[in-house]
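Read through the structure below, which is laid out as structure tokens, and then see the notes.
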Amino acid sequence: MSKDKYVCTIYIKAEPDRVWEALTTAEFTRRYFHATDIQSDWKPGSAVTYLNQDGSTAVEGKVLTAEPFKKLSFTWHVHYNELAKKEKASKVTFLFEQVEDSTKLTLIHEDFPEKSVVYPQISNGWMAILSNLKTLLETDSVMAVS
5 MSKDKYVCTI YIKAEPDRVW EALTTAEFTR RYFHATDIQS DWKPGSAVTY LNQDGSTAVE
65 GKVLTAEPFK KLSFTWHVHY NELAKKEKAS KVTFLFEQVE DSTKLTLIHE DFPEKSVVYP
125 QISNGWMAIL SNLKTLLETD SVMAVS
């Protein structure tokens with residue numbers, strides 16, 4: 005097992021329920037998350053799928069934990085890259101903490117295999133995605149980067 009772990013914390017001027025909605029509904033993810041539509045019923049054991057606009061799967065996984073407005077965790081198996089597609093799934097966790105009128109959102113992406121091809125890609129990817137999420141929720145617009 006690799007020791008690689010990516011952790012990022014951001015503060016978003018939005019209530020935790022709004023941040024949860026933005027992370028778990030396609031109406032939001034298509035605007036800030038590489039134009040993908042997320043699909044899941046968010047019950048532990050259920051599938052999570054990020055679909056590209058052409059209907060192909062970008063990422064899939066299984067819900068591990070879904071505690072609305074507190075914690076969301078699921079496995080992460082990449083389909084957009086053939087080398088990455090061969091790797092076992094890693095794990096993504098979002099932790100929500102209300103701080104006055106804002107949300108402290110912590111992302112933890114971990115459990116990568118040794119010599120992962122996904123791990124080097126995620127630091128820039130997650131930072132752009134989370135920055136766009138923050139911008140969307142605070143301004144109702146997104147940046148050119150996604």
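Here the sequence shown is numbered in our numbering, starting from 5 and rising by one per residue.
Heads up, the beta-carbon is just placed ideally off N, CA and C, and yes, glycines get one too.
In terms of alpha-carbon separation, which member of the options lies closest to residue i?
i: threonine 13; options: Thr143, Ala148 and Leu137; result: Leu137
i: threonine 107; options: Asp8, Met131, Lys17 and Val11; result: Lys17
i: leucine 111; options: Asp41, Thr29 and Ser127; result: Ser127
i: serine 120; options: Glu31, Thr29, Asp58 and Glu86; result: Glu86
i: alanine 132; options: Ser44, Ala148 and Pro117; result: Ala148
i: glutamine 102; options: Val146, Lys75 and Trp46; result: Lys75
i: aspartate 105; options: Ser44, Gln57, Glu142 and His38; result: Glu142
i: alanine 129; options: Glu118, His38 and Ser44; result: It should be noted that the sequence gives glycine, not alanine, for residue 129. Selected option, being the one with the closest Cα: His38.
i: tyrosine 84; options: Gln125, Ala30 and Thr29; result: Gln125
Looking at residue j and residue i, is the spacing between their C-beta atoms short of 8 Å?
i: valine 67; j: serine 50; result: yes
i: leucine 140; j: tyrosine 36; result: yes
i: valine 52; j: leucine 109; result: no
i: proline 20; j: phenylalanine 73; result: yes
i: tryptophan 46; j: alanine 70; result: yes
i: glycine 59; j: tryptophan 80; result: no
Tell me which same chain residues have a C-beta within less than 8 Å of the C-beta of residue i, skipping the five on either side of it?
i: valine 82; result: Ala62, Val63, Ala88, Lys89, Glu91 and Val122
i: valine 146; result: Arg35, Tyr36, Asn136, Thr139 and Leu140
List the residues that DSSP assigns as beta-bridge partners of residue i.
i: aspartate 41; result: Leu55
i: glycine 65; result: Val52
i: valine 122; result: Valine 122 is not bridged to any residue.
i: alanine 148; result: None, per the DSSP bridge assignment.
i: leucine 99; result: Lys75 and Thr110
Please list, in chain order, all residues of the same chain as residue i whose beta carbon is under 6 Å from its beta carbon, the five residues on each side excluded.
i: glutamate 114; result: Lys9 and Lys95
i: methionine 5; result: Confidence at methionine 5 is low in this model, with a pLDDT of 43, below 50, so the placement of that residue should be treated as unreliable; the coordinate-derived value is given next. No residues qualify anywhere along the chain.
i: tyrosine 54; result: Thr40, Ile42, Ala62 and Val63
i: serine 77; result: Leu68, Thr69 and Thr97
i: phenylalanine 32; result: Ala26
i: glutamine 57; result: Ala39
i: phenylalanine 116; result: Ser6, Asp8, Ser94 and Tyr123
i: proline 48; result: Val67
Might you give, ordered along the chain, the residues of its own chain that have their beta carbon closer than 7 Å to the beta carbon of residue i, omitting 5 neighbours on each side?
i: leucine 134; result: Cys12, Ile14 and Leu111
Do residue i and the ligand FAD come close, with the Cβ less than 7 Å from some heavy atom?
i: glutamate 31; result: The ligand FAD is absent from the structure shown, which contains no ligand whatsoever.
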